[in-house]
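Those protein sequence lines, which keep their order, are chains A and B. 4 is the number of the first residue of the first sequence in the numbering used here; add one for each residue after it. 4 is the number of the first residue of the second sequence in the numbering used here; add one for each residue after it. Accompanying notes for the structure given below.
Number of protein chains: 2
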Amino acid sequence: MSTAQHRSGPDGEGVCVPDNCPCEDGACTLSKYVRTTADASGDHHHTLAETEKAVAALLSGMPVDMESMAAVQNIYRAANAVRKRLESSVLAPHDLTWTGWVVLWVVWIWGDIETRHVAVEAGISKGTLTGVVGTLEKRGLLRRRTHPDDARRVLVSLTPKGRKLMVVLFPTFNAEESFVTETLSAAEKATLARTLRKVALQVEPG
Amino acid sequence: MSTAQHRSGPDGEGVCVPDNCPCEDGACTLSKYVRTTADASGDHHHTLAETEKAVAALLSGMPVDMESMAAVQNIYRAANAVRKRLESSVLAPHDLTWTGWVVLWVVWIWGDIETRHVAVEAGISKGTLTGVVGTLEKRGLLRRRTHPDDARRVLVSLTPKGRKLMVVLFPTFNAEESFVTETLSAAEKATLARTLRKVALQVEPG
DNA sequence: GGTGTTTCGTTCGGGTCCGAACGAGACGGG
DNA sequence: CCCGTCTCGTTCGGACCCGAACGAAACACC
Numbered sequence: 004m005s006t007a008q009h010r011s012g013p014d015g016e017g018v019c020v021p022d023n024c025p026c027e028d029g030a031c032t033l034s035k036y037v038r039t040t041a042d043a044s045g046d047h048h049h050t051l052a053e054t055e056k057a058v059a060a061l062l063s064g065m066p067v068d069m070e071s072m073a074a075v076q077n078i079y080r081a082a083n084a085v086r087k088r089l090e091s092s093v094l095a096p097h098d099l100t101w102t103g104w105v106v107l108w109v110v111w112i113w114g115d116i117e118t119r120h121v122a123v124e125a126g127i128s129k130g131t132l133t134g135v136v137g138t139l140e141k142r143g144l145l146r147r148r149t150h151p152d153d154a155r156r157v158l159v160s161l162t163p164k165g166r167k168l169m170v171v172l173f174p175t176f177n178a179e180e181s182f183v184t185e186t187l188s189a190a191e192k193a194t195l196a197r198t199l200r201k202v203a204l205q206v207e208p209g
Numbered sequence: 004m005s006t007a008q009h010r011s012g013p014d015g016e017g018v019c020v021p022d023n024c025p026c027e028d029g030a031c032t033l034s035k036y037v038r039t040t041a042d043a044s045g046d047h048h049h050t051l052a053e054t055e056k057a058v059a060a061l062l063s064g065m066p067v068d069m070e071s072m073a074a075v076q077n078i079y080r081a082a083n084a085v086r087k088r089l090e091s092s093v094l095a096p097h098d099l100t101w102t103g104w105v106v107l108w109v110v111w112i113w114g115d116i117e118t119r120h121v122a123v124e125a126g127i128s129k130g131t132l133t134g135v136v137g138t139l140e141k142r143g144l145l146r147r148r149t150h151p152d153d154a155r156r157v158l159v160s161l162t163p164k165g166r167k168l169m170v171v172l173f174p175t176f177n178a179e180e181s182f183v184t185e186t187l188s189a190a191e192k193a194t195l196a197r198t199l200r201k202v203a204l205q206v207e208p209g
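Structure representation (structure tokens):
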């Protein structure tokens with residue numbers, strides 16, 4: 004059904020998302036597939052029922068846990084989308100990366116903190132943290148100092164400049180978090196957080 | 004309350020997660036804070052009510068949308084945890100990265116597909132895709148060929164070796180997805196997927 | 001039928017990101 | 001007091017990741 008969403012005329016600008024694919028020749032299986040299965044007013048990212056059908060065909064007969072697959076895929080997609088959004092709208096203007104922000108956040112919240120704890124809280128490896136802290140330190144937002152009682156450990160704290168940045172930046176970041184979850188009710192947000200926490204606990208060494 | 008979870012005696016091995024911090028000297032604010040606010044049998048990753056309290060103190064007076072913050076934080080934490088789990092348990096034995104797997108998956112599902120569509124479906128930039136496809140091509144899992152009608156475009160498809168790998172690997176991957184969401188009911192999984200999709204749609208240029 | 005304009009994939013630089021290997025420091029038993 | 005063991009943070013190699021800049025191909029309009 005519907006044969007005319009090709010050729011991206013004056014309707015949809017030149018953008019070529021899968022739902023609006025100019026590939027008329029049939030060399031591109033995607034455009035062919037989308038063209039034959041698209042329902043009106045596309046729910047972009049058709050990785051739902053259509054993907055299910057394709058997978059079922061490919062594994063014909065084998066049992067597939069579609070509910071779990073959909074849950075996991077959407078966790079990752081949402082996380083990626085939210086990250087990119089916050090990065091480009093809030094962090095990029097201040098020349099901060101997502102990870103840089105998270106590290107700054109952890110140090111801001113927890114005060115004088117050892118690097119190994121920062122790594123755990125930020126969810127990155129200690130090797131990565133060394134580089135990130137180096138970057139932030141070079142920018143004058145963070146300070147490193149040796150632990151007074153154990154020369155192996157390193158304590159990290161925010162500089163006044165870093166603290167000032169967080170006070171300015173956090174409200175903006177939080178407002179963008181509100182926007183991102185704008186379409187959700189308070190109950191939905193709570194349920195979402197609770198459900199995701201169950202998933203994280205199932206996976207993490209807890 | 005509770006004064007004796009320091010020193011990591013014979014009880015908890017030498018692991019030093021924030022809840023079990025040997026920092027006795029008080030130089031580490033984290034250990035101090037955890038020690039004073041920890042409730043019995045720790046819900047590791049105390050970034051919930053405790054973080055809320057710390058943030059409220061830091062921004063004293065400013066309004067903070069805690070529900071949205073908790074939702075966003077848990078999306079990212081869960082996604083990261085799930086990714087690392089699947090990477091180490093399923094992908095690493097086959098020397099595949101997460102992104103490599105996603106790209107392989109997209110090409111597997113959609114057949115002969117243009118690279119720009121792969122990038123959109125995989126959620127990465129076209130610049131990144133060039134490198135990933137190069138890696139997978141070098142490993143003989145993927146094939147590149149020029150579009151017959153448009154020399155600018157590039158079509159990608161799986162090699163027999165790549166197809167064979169997917170048939171073997173997907174059931175394992177899917178089983179791990181089931182494990183990750185094991186603690187969720189079918190209804191919870193569906194709600195989770197639906198809620199996350201709303202978030203993704205709010206953020207993505209839709 | 002040229003000549004801008006747009007759309008491809010690629011290249012490049014800088015910044016993560018991880019696991020493995022490493023060296024220094026702390027700590028234990030003998 | 002010394003030596004094995006453990007635990008730190010750092011370093012390293014390889015892969016990913018993005019946005020900007022680029023060259024080639026297709027298209028637009030005259």
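For every residue, glycine included, the Cβ atom is placed at its ideal position computed from N, Cα and C.
For V206(B), the enclosing alpha helix (DSSP H) covers residues 189-206. A60(A) and D68(A) have their C-alpha atoms some 14 Å from each other. Neighbours of A59(A) across chain B, judged by C-beta separation under 8 Å, do not exist; the nearest C-beta is about 11 Å away.
DSSP assignment within the segment 65-140 of chain A yields the following whole alpha helix (DSSP H) runs of 4 residues or more, N-terminal first: 69-89, 101-113, 118-125. A distance below 8 Å separates the beta carbons of G114(A) and S160(A).
The three-state reading of DSSP puts R147(B) in strand, counting E and B together. Where L62(A) is concerned, there is no enclosing beta strand (DSSP E), because DSSP gives it neither an H nor an E. Residues of the segment 101-120 of chain B whose Cβ lies closer than 8 Å to any Cβ of chain A, in chain order: W111, I112, W113, G114, D115, I116, E117, R119, H120.
Residue pairing by DSSP places S160(A) opposite R146(A) in a beta bridge. Residue-level contact by beta carbon fails for R146(B) and chain A, as no gap is shorter than 8 Å. Remark: C-beta atoms of A74(B) and T131(A) do not approach each other more closely than 8 Å. Inclusion of E179(A) and V93(A) in the CB contact set at 8 Å is warranted, their separation being smaller than that value. By alpha-carbon distance to M65(A), the top candidate from K164(B), R147(B), N177(B), A203(B) is N177(B). Looking at the backbone, the Cα of R80(A) and that of F173(A) are separated by about 24 Å.
Cβ neighbours of S128(A) within its own chain (closer than 7 Å, five residues either side excluded): A122. Nearest CB-CB separation between S63(B) and chain A: not below the 8 Å threshold. In its chain, beyond the 5 residues on either side, V135, T138, L139 have a beta carbon closer than 7 Å to the beta carbon of G103(B). Going by C-alpha positions, Q205(B) is about 20 Å away from A95(A). At least one C-beta of chain A is nearer than 8 Å to the C-beta of P151(B). Chain A has a Cβ within less than 8 Å of the Cβ of T54(B).
Ranked by Cα distance from L158(B), the first of S181(B), L168(B), R86(B), T133(B) is T133(B). Around the beta carbon of G126(B), 16 or more other beta carbons sit within 10 angstroms, so the residue counts as buried. With the criterion set as a beta carbon lying under 7 Å from some beta carbon of chain A, the members of the segment 179-192 of chain B are E180, S181, V183, T184, E185, T186, L187, A189, E191, K192, in sequence order. Between A193(B) and E207(A), the C-beta spacing is not below 8 Å. Under a criterion of Cβ atoms nearer than 7 Å, the residues of chain A adjacent to P174(B) are, in order, M65. DSSP, read as helix, strand or coil, puts A178(B) in helix. Taking 8 Å as the CB threshold, T131(A) stays off the interface with chain B.
Close to E70(B), with beta-carbon spacing below 7 Å, are these residues of chain A in chain order: A189, K192, A193. DSSP, read as helix, strand or coil, puts E185(B) in coil. By the CB criterion at 8 Å, V85(A) and V85(B) fall outside the cutoff.
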